[in-house]
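Working notes for the structure below.
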Amino acid sequence: MAGNPGLVMALPKGRILGEVMPLLRRAGIEPEPAFNDPDQRRLQFATNHENLSLIRVRSFDVATFVAFGAAQIGIAGNDVLLEFDYPEIYAPLDLGVGRCYMAVAAPAELAARDDPSRWSHVRVATKYPRITRRHFAARGVQAECIELSGAMELAPGLGLCRRIVDLVSSGQTLEANGLVEIEKIVDISSRLAVNRAAFKTRSEEVGGWIQRLREALDGR
Ligand code: PRP
């Protein structure tokens, strides 16, 4: 339609993308070849649908692009969605990929004598300060967060703080860094994130993609 800017779908870079692409393909979305070229510096890609392009950004930035309507739809873990808690984002579908969970962890020797039920205050290194504070506040514990954007597992060994809150998938990163899980906070998986305003004003297009992704999920 003339004058109708195409829809933009924001995808997370990294490990999750490999799990998400088969689902997108089942929903009939095929990116241009440059999308799969590791040397490509362009960040926005056309698809086999004239009115749909893909952008590849950091997972936290998927939520920002979608919340501000710069991308109308996106794929992000509920870790990211819970951390920002943007009212502008509607998350209608659990895509069932990128499964892992968020947990509190500490060095094995500390965990052996740790009793989380006795804490009144806890200091943790995390990329998720809001989720962490909410989790502990719910049982009256004040959480002091030292914010990192990755490699949280280094913090206890280097004396930054004794405990961390991070994502656990296979558990290998915790183990390789001498840490063990103390308590689970929440299960994580990738969700379809939709800008609420776009869902209202472009309901046919946006709703159409939600439906195609729902069918791709049901059919697998
Ligand atoms: C995630 C997470 C842990 C690791 C857990 O990091 O932050 O470090 O994966 O996976 P595992 O339990 O299978 O070892 P990721 O590699 O996604 O990078 P990040 O540190 O940039 O988040």
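Numbering (our numbering), first residue to last: 15 to 234.
All residues carry an ideal CB built from backbone N, CA and C; glycine is no exception.
What you are looking at is a predicted structure, and each value in this text was computed from that prediction instead of being measured.
Residue i beta carbon near the ligand PRP (any heavy atom closer than 6 Å)
i: Gln225; result: no
i: Leu193; result: no
i: Val182; result: yes
i: Gln58; result: no
i: Thr78; result: no
i: Thr146; result: no
i: Thr61; result: no
i: Gly112; result: no
i: Gly32; result: no
i: Gly164; result: yes
i: Gly185; result: yes
Cβ-based burial, residue i [other Cβ within 10 Å; buried from 16]
i: His135; result: exposed
i: Phe82; result: exposed
i: Asn209; result: buried
i: Pro47; result: exposed
i: Leu21; result: buried
i: Pro170; result: buried
Candidates the options: closest to residue i by CA position
i: Lys214; options: Pro170, Leu231, Glu102, Leu172; result: Glu102
i: Tyr142; options: Ser183, Phe74, Gly32, Leu38; result: Phe74
i: Asp99; options: Ile69, Arg113, Cys114, Val80; result: Val80
i: Gln58; options: Leu206, Ala85, Ala41, Gly32; result: Ala85
i: Ala207; options: Gly42, Gly221, Gln156, Glu44; result: Gly221
i: Leu168; options: Ala190, Ala212, Val111; result: Ala190
i: Ala139; options: Ala165, Leu227, Val111, Phe150; result: Ala165
i: Arg39; options: Pro19, Gln54, Leu68; result: Leu68
i: Gly154; options: Pro130, Pro121, Gly110; result: Pro130
i: Ile202; options: Asn92, Thr187, Glu218, Ala211; result: Asn92
Bridge-paired residues (DSSP) for residue i
i: Ile196; result: None, per the DSSP bridge assignment.
i: Gly88; result: Ala24, Ala207
i: Cys114; result: Ile202
i: Thr215; result: Paired residue(s): none; Thr215 is not in a bridge.
i: Leu181; result: Met116
i: Glu161; result: Thr140
(request) For the segment 118-131 and the segment 185-202, state whether three or more C-beta atom pairs, one from each stretch, are separated by less than 8 Å. (result) As far as the Cβ criterion goes, the segment 118-131 touches the segment 185-202, which means the pair count is three or higher.
(request) Assess, as a yes-or-no matter, whether the segment 102-122 is touched by the segment 180-189 under the definition of 3 or more beta carbon pairs within less than 8 Å. (result) Yes, the segment 180-189 is in contact with the segment 102-122.
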